[in-house]
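**Student:**
In my numbering, the protein residues as written are 49 to 160.
1. Along the chain, which unbroken stretches of the beta strand (DSSP E) at least 3 residues long are found entirely within the segment 65-108?
2. In this structure, does DSSP put residue 49 in helix, strand or coil?
3. Classify residue 156 as helix, strand or coil using the three-state DSSP reduction.
4. Just to confirm, are residue 138 and residue 90 a CB contact at a threshold of 8 Å?
5. Here's the rule: buried if 16 or more other CB atoms are within 10 angstroms of the residue's CB, otherwise exposed. What is residue 71?
6. Identify, in the order they occur along the chain, each residue of the same chain with its Cβ nearer than 8 Å to the Cβ of residue 83, setting aside the five sequence neighbours on each side.
7. Kindly indicate the opening and closing residues of the beta strand (DSSP E) around residue 146.
8. For residue 118 and residue 98, I'd like the C-alpha separation in whole angstroms.
9. Between residue 68 and residue 96, which are expected to be in contact by the criterion C-beta below 8 Å, what is the C-beta distance as a whole number of angstroms?
10. I need the DSSP call for residue 126, collapsed to helix, strand or coil.
11. In this structure, what does DSSP give as the bridge partners for residue 131?
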């Protein structure tokens with residue numbers, strides 16, 4: 049007996065609903081804001097970007113790391129981003145202004 053075809057979500061072809069274009073190099077991490085309004089991306093181009101999750105528009109580019117950015121995460125209020133980089137620092141960023149509000153240096157290895 050052969051079971052009927054599965055009707056699970058992963059059994060049908062899926063197409064992207066949005067393609068985010070803007071980084072000059074590969075993306076290492078993606079994080080959703082807790083409100084689901086925004087996406088943040090971390091890239092080998094040494095930047096982070098904030099995106100409008102609904103429209104796909106790039107809203108803010110965060111510059112300050114001196115090497116690849118490996119990781120990004122929102123705080124629970126979605127007003128700060130934390131990023132970890134191959135430059136051995138963690139940076140905290142104000143989501144609205146794009147400014148780095150704190151740098152935590154002195155890691156002895158890249159921060160992933």
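Glycine included, every Cβ here is placed at the ideal spot set by N, Cα and C. These numbers come from a predicted model, not from an experiment.
**Tutor:** On the basis of the coordinates in this document:
1. 75-80, 86-91, 95-100
2. In this predicted model, residue 49 has a pLDDT of only 49, less than 50, meaning its place in the structure is not dependable; the value taken from the coordinates is given anyway. Reduced to three states, the DSSP call for residue 49 is coil.
3. coil
4. no
5. buried
6. 126
7. Residue 146 -> no beta strand (DSSP E), and no H or E assigned at all.
8. 15 Å
9. About 13 Å separates the two Cβ atoms, so there is no contact after all.
10. coil
11. 120, 139
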